[in-house]
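Q: Dumping the structure here so I can ask a few things about it.
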Amino acid sequence: MVAEMDDVRCPMCGRLNPAHLEVCQYCEARLKPLRLSPEEQEENEAPEEIRPDTGGVTDWLRSLAQEGEEAASRSTSEDDSLDWLKELKGEQEIEAEDFFERLDSTIGEPDTQDWSDRIGGREEPLDEERKIENLFDERALPPREEDETQPEWLLEMRASYAESPLEAPIEEECEESPGEPPLPQAFATEDAAALQSAEAAYPDWYLDSKEAKEAEEEQPSIAPEDEEAKHILPITEQPLPEEGFEGREEEAEWVLEEWIPYEEEGTAEPSLSEEFQASQPQASGAVEESKLEEASPPPLEEVFDASTLAEDVFAPGEGEAKQATGEELPSEPSAAPEVEQTGLPSIELPDWLLDSGVSENGLEVPDWLLSAPQPLDVAAPLELSVEEPEAVAKIEAEEREEFLEAGLSEIEAQPSPDWLEGTGEGVQAEQLLEKEGLPGPEERLEQAEIPAWLKPMQPIESVTKGIVIEEDDARVEPAGPLAGLKGVLPAEPEIALPREPSAYNLKLQVTERQQAHAQTLKKLIEEEGLVKPLPQEAFVSPQHILRLFIAFSLFLAILFPMVMSFPMVERPPLSESALAASQIVNRLSEGDPVLVVVDYQAGYAGELDAVVSSVFDHLMIRGAFITLVSTSPLGALQAERLIATTNRNYQHDYRREAHYLNLGYIPGGTAGLRSFAEQPRLTLPLTIEGTMAWSIQALASVNQLSDFRAIIVATEASEIARAWIEQTQAHLGATPLLFVVGAQTQPSLLPYAQQPLPQITVLLSGLSGGVSYEQATGRTKIYDNRWASFSLGGILIISLILIGSVANLIAALFRANTPGKKAEGGSL
Amino acid sequence: MKHNLRTILLALIAGFAGLVVLVGYFIDIPLLTDLRRDFLRWGVLLSSVAIMVGVANLFQVHWRRVRTRQPGGMYSFILILSMIVTLIIAGFFGPTAASSQWIYNHIQVPIEASLLSLLAVVLTYAAVRLLRHRPNLFSFVFVLTALLVLLGAVSMPQGMSIPYVADLRLWIEQILVTSGARGLLIGVGLGTLATGLRVLFGVDRPYGG
Amino acid sequence: MNGLGLADLIGILVGLAVTLMTFSYLIGDNLFFRIAIHVFVGVSAGFVIVLAWYSIIWPQLVVPLIAGDLSTRLAWLLPGILALLLILRASPRFAALGGIVVSFLVGVGAATAVGGAVVGTVFPQINQAASVLDLSSVAQQPSSIWTTLFNGILMLAGTISTLAFFHFGARSGTQNLPRRQAWIEVLATVGQVFIAITFGALYAGILQTTLAAFVERVEFLMNFIAVLLG
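So the sequences go chain by chain: A, B and C. Position one of the first sequence corresponds to residue 0 (numbering that gives the first Met the number 0), numbered consecutively onward. Position one of the second sequence corresponds to residue 0 (numbering that gives the first Met the number 0), numbered consecutively onward. Position one of the third sequence corresponds to residue 0 (numbering that gives the first Met the number 0), numbered consecutively onward.
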């Protein structure tokens, strides 16, 4: 959508303003100059295949951030959820070559205005994204001359920009250069005041270095600004011989070694000068571009404009400056191809760089950039004019001379930042410089200024080729007060153009270890959701046969004593616990209330029914009034079954309410138990049949737990037994507490039954306990019917386990003595 | 904000109810006694309602499987049928009625007892193969203890009794097993204490929020 | 037959059928086994509802609210409302209201668990563990004093070492791997032996329990055959 000619759309807020206004009536942003409409612009522009992208730092950063997503090269609106787990996986899986392909294809797109904006774009961006997009869009704005309008965030960016050994001199160049006639006006009027104010945000070490430089200014040999100009201009505007940079590769390693572990020491790293050269093609113009390529003919992958990248990262305003000069900055640089080209398996970046959005796993849009609250509305700190090549060449020649005079001492005199101090590499690099004699000015510039993390980011040829400056210069403003002028800055059409919303990657910056953990977690979660097909077990397998053999032999061992009608095994001796339990029951009189807790499942009836029945038999003999209760739902039914079984097996006639009653089920686990222990009448006021429980004569005197003459807990679960011990302990008084439990529960209750401070009066367990108790009461029911079968079955199990264990031990020893033999063979 | 308020409210309810009950274990404050007992009774009542809600959920899940003809829907139908039949018979006649006892004695007990019987075979099988998979000291100690305890728990055939086995089993149980079990019980108690206090103070909120 | 009624006979047949269906698992997972399992779950669920209703809900909630006097009704009004909220939890729309009841139940349950553990297990068992070296109690033992002392020391060592096995405090060791202190490591190894002994006894107990259940099932089959044979 192009704004109507009557109205001018504000580049800042995007609102329409009357054409006569020079500043936006809404946000007071400057509305002029304008630039060509897109249609006219297309006519004047270079052929599409060489037209560079206007993407600045944010573009490529966003492209890198998109790298992790498979939808990077597609413009369809995909789900760009912030599921960082997915992104992590995608990021690991993506190949550098794929990235290259996407990169090339994207560069090759003829009508790419802001290619990264198209990636994963959505139709309706979120508000936050709109803010960010506005920020990026402001690259197209003309540079502002009002220094005081610089927002704080830009100053902060400059501060971080100044942290770089490369950028610091550039900043100073921006500050110091206005007085130099050869420099272009845009450069000369660059935000000196703003930069001065931004010094407050500079780190200490930078300020120190700056003070040191200012001190050096007094030296007559060379002015700092001249030196800094040498650091930039000779390189950028006059390509140097390739061999001139070779020696500096080693020197630059002191930076690289710290951050970037190279696989091969001899890897031909891109020289910093190459990067820097390639970064300044716009300054040298089209003619210079050919020299650039001559001086450092990079392969296609190396043509990445590293210093542009750096400048864009730390001083986005420079992008504007370049646009102001009609240049189109190369975009879509990527670290990934560089990593591949230099053989870097991974790049370990310094913390400060990570903080600025470059993660270990790829470059991302830095947080500070994403969270920038205001659009860019200031001029670039550095503008390199292409309109005065002669002046630039002059500066270059002068500075080269001065540089040669200054020599290495000045570099050494420069205070190094804190983060470089104490590293042996810095000293080593200086020694290398000394070894090679006095280096050329370009070399010194690179050594002192270009950080190593830029090294792998090399210029891309296709981008370099696309820089055509004359065409931008040839633009003629068709409308507005600047109508007829060439090279006016683009503004309104860029804003007004409809664009696909961008999808911004808000990936977390995570370490490799965190990634590994995340991967593991993700894998676990995914596997949890998968239905794992059970391995199809063969119908006839050794395990099957063994299991069937055990079952069949056990069946026979149990059956045999039942068929044979004579006693086959010895009678177990009377145990102390059985004797103690029988004595307690013996002390009961007829009608004494006894609480019996039946808290076991139906499956355990085979064991516990027999044991509890023997106790019930004794209780019925004594004529005790049995009060049944349970904390497991089916316990109430089991209690009724027990009474019936005892009546049947021992010829009793115990009837409900006359001799016993069933209070039913206490829900609530420990809470229910506690409630029953504290207030049995209120907790279970009715029987399970719905009659009033406590109005029965036998229970008339029972108001609390201790009023029962004995409490017998029959359970198979150790936790239920423990709950009864814990919850009723304080309410028992002198009432004996007997536990009739399954054999599996006995070991966990032994500590409670031990002298000298037992919490359980008697612990009777298992079928053996039942047989023993029967001995105390003179009964032989269990012994006659089951004990022999139980014993023979037990003996068979012991034999099987013994044989199997011995066989497996022998097999294990055999395997241990036979190396190479598989552990799974040759045993049961 | 609403979420936080709800969380705080739930934590306060749990903490208050829990502390009122917990205090009763150590100090008998007359002012809190009735409240504590009411809380406990309410807990019993609400637990039974919760059980019914749980069973209703079980019914709902299986009914959905039947209605949508999912795999295993036939089993779900059998489950629902068993549940409804039991509900009708035991609910109408009462849980202690002969019909209810018939269901319990002739369906519930045989199935459960058979399952437990199967466990005997499986456990024996596992013990036989234990030293094959883990031939180390602890497995050896484990198997040896199991064998000795089992040997002491059964009676040998006439005239084949092994002397001192019963005494050895008794010593193992009374000394070694008891000490180990005591350590486990104290550990469980301390774990319960820590977990319970975390719940009472709202650090863990198993009730959501 | 032997005085058995038709219901008993049918019951025995049904019991035999479900027993064989369950035992069919020995030859692998199959249709009959699954039917038996689902019948078991269904019957259990039905009984649970009936017992909860008969034991608690009917006598303690419904009857007081319907037939109770005013004070009784007022006393049970609040738990009645809470019960209603709990039932509403089944509906997603009102599930949040049920959270109040669940938090109440959790609070009460946690309190009883904590109180019971402290009063019923931790303090008494620590006291019991310490008492094994109490000379006055040792003197009362029937065995010799040296045997009693030996057993007492053994029990104390077993208890402490078992607890030490579950001590998970660790320091940073080599390669930043957590590592327990050496003396705790030794103690934990001893504790592991005691734990193995305890679990071995538990395993033997489970074997006895399951074996008793097996015996009961075989006895049931034999009784059935006896009934058939008259």
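Cβ coordinates follow ideal geometry from the N, Cα and C atoms, glycine included.
DSSP on residue 6 (chain A), reduced to helix/strand/coil?
A: Strand, per DSSP.
Q: Pairing CB atoms from the stretch 177 to 190 of chain C with CB atoms from the stretch 771 to 779 of chain A, are three or more of them under 8 angstroms?
A: Touching, no, given that fewer than three Cβ pairs across the two stretches are closer than 8 angstroms.
Q: At the 8 angstroms Cβ level, is residue 107 (chain B) part of the contact set with chain C, yes or no?
A: It does; some Cβ of chain C falls within 8 angstroms.
Q: According to DSSP, residue 660 (chain A) sits in a beta bridge with which residue or residues?
A: Looking at the DSSP assignment, residue 660 (chain A) forms a beta bridge with A:626.
Q: According to DSSP, simplified to helix, strand and coil, what is residue 162 (chain B)?
A: Looking at residue 162 (chain B) - three-state DSSP - the assignment turns out to be coil, as it is neither helix nor strand.
Q: Assuming residue 164 (chain C) is part of the beta strand (DSSP E), what are its boundary residues?
A: Where residue 164 (chain C) is concerned, there is no enclosing beta strand (DSSP E), although the alpha helix (DSSP H) it sits in stretches over 144 to 164.
Q: Hey, does residue 557 (chain A) have any beta-carbon neighbour from chain C nearer than 8 angstroms?
A: So yes, residue 557 (chain A) belongs to the interface.
Q: Step through the CB atoms of chain B and report whether any lies within less than 8 angstroms of the CB of residue 27 (chain A).
A: By this cut-off, residue 27 (chain A) is not an interface position.
Q: DSSP state of residue 596 (chain A), grouped into three classes?
A: If DSSP states are grouped into helix, strand and coil, residue 596 (chain A) belongs with the strands.
Q: With a Cβ-Cβ cutoff of 8 angstroms, do residue 61 (chain B) and residue 75 (chain B) count as a contact?
A: Their beta carbons are under 8 angstroms apart, which means residue 61 (chain B) touches residue 75 (chain B) by this criterion.
Q: Considering just the uninterrupted stretch of the beta strand (DSSP E) at residue 817 (chain A), what are its terminal residues?
A: It is not in any beta strand (DSSP E) - residue 817 (chain A) carries neither H nor E in the DSSP assignment.
Q: Is it true that the CB of residue 58 (chain B) sits closer than 8 angstroms to the CB of residue 87 (chain B)?
A: Cβ atoms of residue 87 (chain B) and residue 58 (chain B): not closer than 8 angstroms.
Q: Could you tell me which of C:184, C:189, C:193 sits nearest to residue 179 (chain B), measuring between CA atoms?
A: Measuring from the Cα of residue 179 (chain B), the nearest candidate turns out to be C:193.
Q: Take the Cβ of residue 219 (chain C) as the centre, count every other Cβ of all protein chains shown within 10 Å, and call the residue buried at 16 or more, exposed below.
A: Classification of residue 219 (chain C): buried, given that the 10 Å Cβ count is 16 or more.
Q: Along the stretch 98 to 109 of chain C, where does the CB come closer than 9 angstroms to a CB of chain B? Name the residues.
A: Of all residues in the stretch 98 to 109 of chain C, 98, 99, 100, 101, 102, 103, 104, 105, 106, 107, 108, 109 have a Cβ within less than 9 angstroms of some Cβ in chain B.
Q: For a contact meaning CB atoms closer than 8 angstroms, what does residue 42 (chain B) contact in chain A?
A: Within chain A, the residues near residue 42 (chain B) are 667, 670, 671, 674.
Q: Residues of the stretch 197 to 220 of chain C in Cβ contact with chain F at a cutoff of 8 angstroms, in chain order, please.
A: Going by chain labels, chain F is absent from the structure shown, which instead holds the protein chains A, B and C.
Q: Along chain B, in chain order, which residues have C-beta atoms closer than 8 angstroms to that of residue 873 (chain A)?
A: This structure cannot speak to residue 873 (chain A), because chain A is shown only from 0 to 827.
Q: Sort B:145, B:159, B:165 by Cα distance to residue 200 (chain C) and report the nearest one.
A: Checking every option, the nearest Cα to that of residue 200 (chain C) belongs to B:145.
Q: Would you report the Cα separation of residue 210 (chain C) and residue 28 (chain C), rounded to the nearest angstrom?
A: Cα-Cα distance, rounded: 22 angstroms.
Q: Could you pull the start and end residues of the beta strand (DSSP E) that residue 764 (chain A) belongs to?
A: 761 to 764 is the extent of the beta strand (DSSP E) around residue 764 (chain A).
Q: Within 8 angstroms of any Cβ in chain C, is that where the Cβ of residue 155 (chain B) sits?
A: No, residue 155 (chain B) does not count as interfacial toward chain C.
Q: In its own chain, which residues sit with a C-beta less than 8 angstroms from the C-beta of residue 168 (chain B), not counting the 5 before and 5 after it?
A: So the list reads 147, 148, 150, 151, 152, once near-sequence residues are dropped.
Q: With 8 angstroms set as the bound, which would you pick, yes or no: does the beta-carbon of residue 56 (chain B) sit closer than that to a beta-carbon of chain C?
A: Cβ-Cβ to chain C under 8 angstroms: yes for residue 56 (chain B).
Q: Which residues does DSSP list as the beta-bridge partners of residue 17 (chain A)?
A: DSSP, once it has assigned bridges, lists A:6 as partnering residue 17 (chain A).
Q: Thinking C-alpha only, which one of A:558, A:687, A:684, A:671 is nearest residue 719 (chain A)?
A: It is A:671.
Q: What residue range does the beta strand (DSSP E) around residue 738 (chain A) cover?
A: From DSSP, the beta strand (DSSP E) with residue 738 (chain A) extends over 736 to 740.
Q: Do the stretch 85 to 104 of chain B and the stretch 625 to 632 of chain A touch if we need at least three Cβ pairs shorter than 8 angstroms?
A: Not touching, per the Cβ criterion.
Q: Please decide whether residue 646 (chain A) counts as near chain C, where near means a Cβ-Cβ distance under 8 angstroms.
A: No, no contact with chain C.
Q: For the beta strand (DSSP E) holding residue 120 (chain C), just list the boundary residues, first then last.
A: Premise fails: residue 120 (chain C) is in no beta strand (DSSP E) and is neither H nor E.
Q: Residue 46 (chain C) to residue 802 (chain A), Cα distance in whole Å?
A: Their Cα atoms are separated by approximately 44 angstroms.
Q: Along chain C, in chain order, which residues have C-beta atoms closer than 7 angstroms to that of residue 728 (chain A)?
A: The contacting residues are 118, 119.
Q: Tell me whether residue 90 (chain C) is buried or exposed, calling it buried when 16 or more other Cβ atoms sit within 10 Å of its Cβ.
A: With fewer than 16 other Cβ atoms within 10 Å, it is exposed.
Q: What is the DSSP secondary structure of residue 685 (chain A), reduced to helix, strand or coil?
A: Of the three classes helix, strand and coil, the one that applies to residue 685 (chain A) here is strand, per DSSP.
Q: Report yes if the CB atom of residue 541 (chain A) is closer than 8 angstroms to the CB atom of residue 181 (chain B), and no otherwise.
A: It is not a contact, given that the beta carbons lie outside the stated cut-off.
Q: Alpha carbon to alpha carbon, what distance is there between residue 688 (chain A) and residue 698 (chain A)?
A: One C-alpha to the other measures close to 17 angstroms.
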